[in-house]
Amino acid sequence: MSRALETYLVKLYLDRDARRAFLADPRGAAAEAGLSEADVAALERVDRDGLELAARSFASKRAGRAPRGRWARLVAAWRRWRGHA
Numbered sequence: 020m021s022r023a024l025e026t027y028l029v030k031l032y033l034d035r036d037a038r039r040a041f042l043a044d045p046r047g048a049a050a051e052a053g054l055s056e057a058d059v060a061a062l063e064r065v066d067r068d069g070l071e072l073a074a075r076s077f078a079s080k081r082a083g084r085a086p087r088g089r090w091a092r093l094v095a096a097w098r099r100w101r102g103h104a
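Residue numbers (the working numbering): 20 to 104.
Laid out in structure tokens, this is it:
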């Protein structure tokens, strides 16, 4: 994964407007961000639900509260599945 792609993913996790623009037009938004064709192609295959889930989780952590209930279980399961636990 390129440094530019990592940086863009962070932007997608943290910036709701950038995420909305990306979800509306992944190829266009990624290309506009100056990513390589390989990175653009990789982002076209991104798990959109996973992106939203991760963004909500990060927002919750930044707000200083842990996710609760069903979402906490889903995030934990997703992290285990993705190998981040």
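Idealized CB from N, CA, C, for every residue including glycine. Since we're looking at a predicted model, the values are computed, not measured.
Scanning its chain for C-beta atoms nearer than 7 Å, with the 5 sequence neighbours on each side dropped, one finds around D58 the residues S21, A23, L24, A49, in chain order. Excluding the 5 residues flanking it on each side, A52 has same chain C-beta neighbours closer than 6 Å at Y27, in chain order. The C-alpha of Y32 is placed about 17 Å away from the C-alpha of L54. A Cβ-Cβ contact shorter than 9 Å links W97 with L72. Taking the CA atoms as reference points, K80 sits about 24 Å from L62.
Taking C-beta atoms as the reference points, L42 and R67 count as a pair closer than 9 Å.
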